[in-house]
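Visitor: The structure follows.
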Amino acid sequence: MYLSKYFTILDWNRKIGLALDITNGLHYLHKENILHRDLHSRNIVIHQGKAKITDFGNSKSMNTITSIHYSLFGNIPYVAPEILKACKTERDPYTDIYSLGVILWEISSGKPPFEGSCDYAICTTILIGDRKKKSTRYNSKCWDVKPKKRHDIEDFYEKLE
């Protein structure tokens with residue numbers, strides 16, 4: 001992965017540039033009423049110095065009511081707590097925002113989230129709201145346990161700029 005290979009030589013301006021690229025891509029999707037629904041760092045590629053969101057296989061229109069019908073395991077660190085709870089299976093923009101917050105944490109730390117933990121332990125940690133200590137004011141508001149307290153993508157993009 002790009003971050004693990006280049007993290008030590010990337011300056012903060014470049015890391016912020018990557019965060020802006022990804023946030024801009026998600027902002028565009030949400031403006032077009034599209035939910036990505038599977039946003040994680042393995043679905044981000046760097047092309048000509050720009051971070052691009054890929055893998056739209058699970059993407060859906062916000063106007064379509066959808067449920068999760070696929071395995072979440074393996075990508076648990078990027079899954080919003082409300083999705084992990086049995087009572088909610090529909091996704092909304094706030095679930096993508098949660099995933100974005102985890103990616104931003106990964107950009108700032110250079111490490112995958114919950115590295116070395118099993119999926120079940122990660123689920124428990126996410127559900128109780130425990131987050132990595134090294135967070136920024138930007139990503140910590142993205143991964144709030146309460147969806148309505150998370151950033152709005154448009155406002156968030158403007159704050160990052």
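In terms of full-length UniProt numbering, the sequence shown is residues 1 to 161. All C-beta atoms in this analysis are idealised placements derived from N, C-alpha and C, irrespective of residue type, glycine included.
1) Among all the DSSP beta bridges, which residues are the ones paired with Ile53?
2) Below 8 Å on the Cβ atoms is my guess for Arg131 versus Ser117; work out the distance and round it to an integer in Å.
3) Return the chain-ordered list of same chain residues with a C-beta closer than 7 Å to the C-beta of Leu18, the five sequence neighbours on each side being excluded.
4) Along the chain, which unbroken stretches of the alpha helix (DSSP H) at least 4 residues long are found entirely within the stretch 91–152?
5) If we call anything under 9 Å between Cβ atoms a contact, is Tyr98 one with Pro147?
6) State the DSSP-derived secondary structure class of Pro59, mapped to helix, strand or coil.
7) Go through its chain and collect everything with a Cβ distance to Ser59's Cβ below 8 Å, but skip five positions before and after it.
8) Distance, Cα to Cα, Thr64 vs Leu3?
9) Over what stretch of residues does the alpha helix (DSSP H) that includes His27 continue unbroken?
10) Taking DSSP as the reference, what is the three-state secondary structure of Leu35?
11) I need the boundaries of the alpha helix (DSSP H) containing Lys5, first residue and last residue.
12) Quick one: what's got a C-beta closer than 7 Å to Lys111's C-beta in the same chain, skipping five residues either side?
Guide: Per the coordinate set shown:
1) Ile44
2) Going by Cβ atoms, the distance from Arg131 to Ser117 rounds to 13 Å, so no, they are not a contact pair.
3) Ala51, Ile107
4) 93–109, 119–127, 137–142
5) yes
6) In the sequence on display, residue 59 carries Ser and not Pro. The answer is coil: DSSP assigns Ser59 none of H, G, I, E or B.
7) Leu29, Ile34, Leu35, His36, Arg37, Asp38
8) 34 Å
9) 12–31
10) strand
11) 2–6
12) none
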